[in-house]
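In our numbering, the protein residues as written are 649 to 1100.
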């Protein structure tokens, strides 16, 4: 009875201090031990596990990484393995898609484990320049926008590309998103006249701000919407206002997702605290926070309560919605009145991995089908392979494109050009363009096309 057990009688895996809350699994070691070895992560359908699907290497499956982490924690591997280059190599190809969180029978959350591993690894080995740059993309975007269009020329000309390859290790085939001179914030304020009143999110913070009523929503002004793709914000405003809602624009900091992804957990926590300070007064009054970028908005819902660990974070999380989710919430409550015409359109929808893991695809499909003339199909594909900055990094480029070729790219190529591709995630849209040459637009833009 005591032979060939997964955990022997002498097994011990001490816990360690963590930035995220692991109490639901007792501690970090408990979260690692959630893996029971059944190997569902070695499947070739669904989202989990894109790196294994592409490499067919056990080390790059969720089970393989969990086994390595458990061996390091329990002392079966040499001392110092938890912050070693060898363990980093195994964790490096995890795309943090969260597919394992929803598809693994035991709910192993390898993305969360990787965040903590990277935090520990960087403390022992230092933070690479590239990680700092990608983690602080919001700060760079502020200056990129101020200097546009010069900044776009700087990064797209041969000298700029060469420098980005040499200094940051960005693959030469990747094109960074262009910065816009008129940010979404500037556009939003310009609608209110030459001297627009300050937003409730202005410099002094919310304090005891009074919100005008239950028909108000807060639109989360994410980095890419503000500095690169303001057309997404314009479409979101058009939809929300057409539904009879007053839109207030957030003045929050970066959600912290890039920092979390690169293991800079202290920086992410600071941003989370600041954003919760900004949004709690709205959440307290039941004023919804609406997001367009899945990885940003879902950071509020998933990571913020685990980083900040207080009731205010939970309240903000409960009060945050993706735009499609919120529209369908109104629809189901009999409160949505959108004047959508009979524009005929064929739409192919690819869901963001975090969206699939945290909330599924049903609300997106239902939201697109609010337009009576739309024919909508869901792409049966897993991760696109871009995963934020992952696919930009030269050592990951080939794997990134191979993952896209598993199902996503062929599915899009199989459809005629009259099918429009709708994708909510910014990195997913870039991957679709790079892999197929087809332009992808945000769900909000595609749905707003049908407004009368």
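Just so it is clear, CB atoms sit at the ideal spot from N, CA and C, and this is done for glycine as well.
Does the distance from the C-beta atom of residue i to that of residue j stay below 8 Å?
| i | j | result |
| --- | --- | --- |
| residue 868 | residue 764 | no |
| residue 1106 | residue 938 | Lying outside 649 to 1100, the shown extent of the chain, residue 1106 is not represented and no answer is given. |
| residue 1035 | residue 743 | yes |
| residue 910 | residue 782 | yes |
| residue 940 | residue 1096 | no |
| residue 708 | residue 741 | yes |
| residue 825 | residue 876 | yes |
| residue 835 | residue 878 | yes |
| residue 994 | residue 1023 | yes |
| residue 978 | residue 887 | no |
| residue 893 | residue 863 | yes |
| residue 890 | residue 1099 | yes |
| residue 1007 | residue 973 | yes |
| residue 1052 | residue 1078 | no |
| residue 815 | residue 761 | no |
| residue 832 | residue 800 | no |
| residue 686 | residue 753 | yes |
| residue 1028 | residue 1055 | yes |
| residue 1070 | residue 1086 | no |
| residue 1011 | residue 1026 | no |
| residue 793 | residue 839 | no |
When DSSP builds the beta bridges, which residues end up paired with residue i?
| i | result |
| --- | --- |
| residue 670 | DSSP output for residue 670 lists no bridge partner at all. |
| residue 818 | 1041 |
| residue 1088 | 1069 |
| residue 970 | 939 |
| residue 864 | 894 |
| residue 1095 | None, per the DSSP bridge assignment. |
| residue 988 | 1099 |
Using a Cβ-Cβ cut-off of 7 Å (strictly less than) and excluding sequence neighbours within five positions of residue i, which residues of its own chain qualify?
| i | result |
| --- | --- |
| residue 1001 | 695, 745, 746, 747 and 1031 |
| residue 952 | 920, 924, 961, 964 and 965 |
| residue 1084 | 1057, 1060 and 1061 |
| residue 1040 | 818, 819 and 822 |
| residue 847 | Residue placement at residue 847 cannot be trusted, given a pLDDT of 40 that sits under 50; the coordinates are not used to answer. |
| residue 663 | 675, 676 and 677 |
| residue 673 | 679 and 682 |
Could you tell me whether any non-hydrogen atom of the ligand SAM is closer than 7 Å to the CB of residue i?
| i | result |
| --- | --- |
| residue 764 | Absent from the structure shown: the ligand SAM. Ligands present: none. |
List the endpoints of the continuous alpha helix (DSSP H) containing residue i.
| i | result |
| --- | --- |
| residue 782 | 777–783 |
| residue 769 | 758–773 |
| residue 897 | First-last for residue 897: 894–897, but that is the beta strand (DSSP E), not the alpha helix (DSSP H). |
| residue 885 | 878–890 |
| residue 701 | 698–703 |
| residue 803 | 798–804 |
| residue 1011 | 1010–1016 |
| residue 1064 | It is not in any alpha helix (DSSP H) - residue 1064 carries neither H nor E in the DSSP assignment. |
| residue 748 | 747–751 |
| residue 680 | 676–680 |
| residue 828 | Where residue 828 is concerned, there is no enclosing alpha helix (DSSP H), given that its DSSP letter is neither H nor E. |
| residue 713 | 710–721 |
| residue 733 | 733–740 |
| residue 870 | Taken as a continuous stretch (DSSP letters only), residue 870 belongs to no alpha helix (DSSP H), as it is neither H nor E. |
| residue 918 | 913–932 |
| residue 1006 | 1001–1006 |
| residue 907 | 905–909 |
| residue 834 | 832–838 |
Taking residue i as part of the beta strand (DSSP E), name the residues at either end of that continuous run.
| i | result |
| --- | --- |
| residue 1022 | 1022–1026 |
| residue 993 | 993–998 |
Which residues in the same chain have their Cβ closer than 6 Å to the Cβ of residue i, if we skip the five residues on either side of it in sequence?
| i | result |
| --- | --- |
| residue 786 | 871 and 902 |
| residue 1075 | 1034 and 1036 |
| residue 1073 | 942 and 1000 |
| residue 969 | 936 and 938 |
| residue 917 | 955 |
| residue 930 | 866 |
| residue 779 | 910 |
Quick one: residues in its chain with C-beta nearer than 8 Å to the C-beta of residue i, no 5 flanking neighbours on either side, listed in chain order?
| i | result |
| --- | --- |
| residue 1043 | 817 |
| residue 690 | 697, 700, 706, 709 and 711 |
| residue 813 | 819, 820 and 1042 |
| residue 1048 | 1033, 1034, 1035, 1038, 1039 and 1079 |
| residue 850 | Low per-residue confidence applies at residue 850: pLDDT is 37, beneath 50, and the placement is therefore not dependable, though the value from the model is reported in the following sentence. Same-chain partners within the cutoff: 899. |
| residue 932 | 963 |
Verify the CB distance criterion: does residue i have a CB-CB separation below 8 Å to chain B?
| i | result |
| --- | --- |
| residue 1056 | Among the chains in the structure shown there is no chain B, since it carries only a single protein chain. |
Is the region 754–769 touching the region 721–738 in the sense that three or more CB pairs, one from each, lie closer than 8 Å? yes
Three-pair Cβ contact test at 8 Å for the region 941–958 versus the region 698–710: no
Does the contact criterion of 3 or more C-beta pairs under 8 Å hold for the region 706–718 versus the region 1004–1019? no
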